[in-house]
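Residue numbers (the numbering used here): 293 to 704.
No residue lacks a Cβ here, since even glycine has one placed at the ideal position from N, Cα and C.
The model shown is predicted, which means the values in this text are computed figures rather than measured ones.
For reference, the structure discussed in these notes is given below.
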């Protein structure tokens, strides 16, 4: 009755999923880490033992155990789980823990986040309860309970126990709260708000497969999954993931893909942007990361373009081995345009200085040499800027020469 799906279901304890791993740092103590788990599908502990407890031996003293060195209980999953309800059972009454510290935290895939912490309270023979049907779920791959000393009182006989079931020695079925439970409960409200629209893209393709990825959608309660459509037909219904590989495709064929997001209440977002991908041909050519995409009636190509027998340098998007013809080419220039030449503070070289530079370098100042152009080519926008700079400098020289000529004429 335990489902591997992480969908809202009050009959599932996520710690009992087949892919869950339960661990503890206690060795040769009381019970196993699994003994405290309650199975709502059967209305009792998953495995009935004498006391359904787990911890150090009775009256064992851990001293002033610091965080991480007391009792640590953890559940881990290979993929992220949605969680909106957690319970733990505190110690038996004959082993009080009024001064014991505790911290509950979870790992979201990259960071440990503290969910709750305190001193005494539920750990002293009570039941810890967090969340419920109206709680927006957290997403976690690990959930950790740490129990340790407050730094003043020794940690003695520390343990956890199941609650709400019947062990071979204790009938606790009258307890309305059950523990230990880790669940994703269905919402008790009327949620009609659909998730936001994911943005779909492709990261590569082969002759028979296409790899898709998308940005995570958001929702007022929580996104629980995604649907992938191929040419308008449902291809797959997924959990809360962000990648998917479409298989069984035909070589040299163009497909259109879209995606939608769904939430716990069954609300579904509108379709994402359409991504058009052509699978590789049967020639065995390598798959690439470049694909056609369409959004808002605008088609775009993500990746590099190679025309002819030439490779695309790492810093460039396109390379053409041959000639290119166009009616007009516009170059956006982000730098300063050479109007600065006409400013009074511009350091205009004398003709004698220019002559010396030409004799030494073989080209005008600031201009690339023939060797540099052969090795690196020219940048169209930058070269036009340099040429205009030289034209404006030449204009200033002509104005200076005209002034000198007029002065000579006035003397004769």
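In summary, residue 450 is buried, with 16 or more beta-carbon neighbours lying within 10 Å of its beta-carbon over all protein chains present. Counting C-beta atoms within 10 angstroms of its own C-beta, residue 683 has fewer than 16 neighbours from the protein chains shown and is therefore classed as exposed. The beta carbon of residue 418 lies closer than 6 Å to those of 382 in the same chain, with the five residues before and after it left out. In this structure, the CA atom of residue 305 is about 7 Å from the CA atom of residue 330. In this structure, residue 332 sits near residue 303, with a CB-CB distance shorter than 8 Å.
Residue pairing from DSSP leaves residue 335 without any beta-bridge partner. Inside the region 328-382, DSSP marks whole beta strand (DSSP E) runs of 3 or more residues at positions 345-347, 363-375, 377-381, from first to last along the chain. Linking residue 443 to residue 456 through their CA atoms gives a straight-line distance of about 32 Å. In the DSSP annotation of this structure, the continuous segment of the beta strand (DSSP E) that includes residue 453 starts and ends at 451-453. In the assembly as shown, residue 685 is a buried residue. Its beta-carbon has 16 or more other beta-carbons within 10 Å.
Rounded to the nearest angstrom, the Cβ distance from residue 348 to residue 314 is 17 Å, too far for a contact under 8 Å.
Apart from the 5 residues on each side of it in sequence, residue 572 sits with its Cβ closer than 7 Å to the Cβ of 497, 498, 499, 543, 579 in its chain, given in chain order. For residue 687, the enclosing alpha helix (DSSP H) begins and ends at 672-703. In terms of CA proximity to residue 371, 531 leads the group 531, 691, 624.
Excluding residues up to 5 positions away in sequence, 489 lie with their Cβ nearer than 6 Å to the Cβ of residue 562 in the same chain. If you compare the alpha carbons of 319, 689, 596, 398 with that of residue 642, the shortest gap goes to 689. For residue 643, no beta strand (DSSP E) encloses it; the enclosing alpha helix (DSSP H) starts and ends at 643-653. When the alpha-carbon of residue 432 is set against those of 415, 518, 353, 397, the nearest one is in 397. Annotation for residue 421: the continuous beta strand (DSSP E) segment containing it runs 419-423. Here the region 406-415 lies against the region 383-397, with 3 or more beta-carbon pairs under 8 Å apart. Annotation: the continuous beta strand (DSSP E) that includes residue 515 extends over 515-522. Its chain contains 382, 420 as the residues whose beta carbon lies nearer than 6 Å to that of residue 414, once the 5 sequence neighbours on both sides are disregarded; these appear in chain order. Per DSSP, residue 599 lies in no alpha helix (DSSP H) segment; the continuous beta strand (DSSP E) that holds it begins and ends at 597-599. For residue 305, there is no enclosing beta strand (DSSP E), as DSSP gives it neither H nor E. Assignment of residue 414 by DSSP, reduced to helix, strand and coil, places it in the helix class. Inter-segment contact for the region 316-325 and the region 346-363 is present: three or more beta-carbon pairs are separated by less than 8 Å. Non-local C-beta neighbours of residue 307 in its own chain, meaning closer than 6 Å and more than five positions away in sequence, comprise 329, 367, 474, ordered along the chain.
Separation of residue 434 and residue 364 (C-alpha to C-alpha, rounded to the nearest whole angstrom) is 13 Å.
For residue 438, the enclosing beta strand (DSSP E) starts and ends at 430-440.
Contact annotation: residue 487 and residue 565 have beta-carbon atoms that are not nearer than 8 Å. Residue pairing for residue 634: DSSP places it in no beta bridge. Residue pairing for residue 506: DSSP places it in a beta bridge opposite 492. For residue 386, there is no enclosing beta strand (DSSP E), as DSSP marks it with neither H nor E. In the three-state scheme derived from DSSP, where H, G and I count as helix and E and B as strand, residue 527 is classed as strand.
By the criterion of a C-beta distance shorter than 8 Å, residue 360 is surrounded in its chain by 438, 440, once the five residues flanking it on both sides are discounted. Approximately 25 Å separates the beta-carbon atoms of residue 536 and residue 376; this is outside 8 Å, ruling out the contact.
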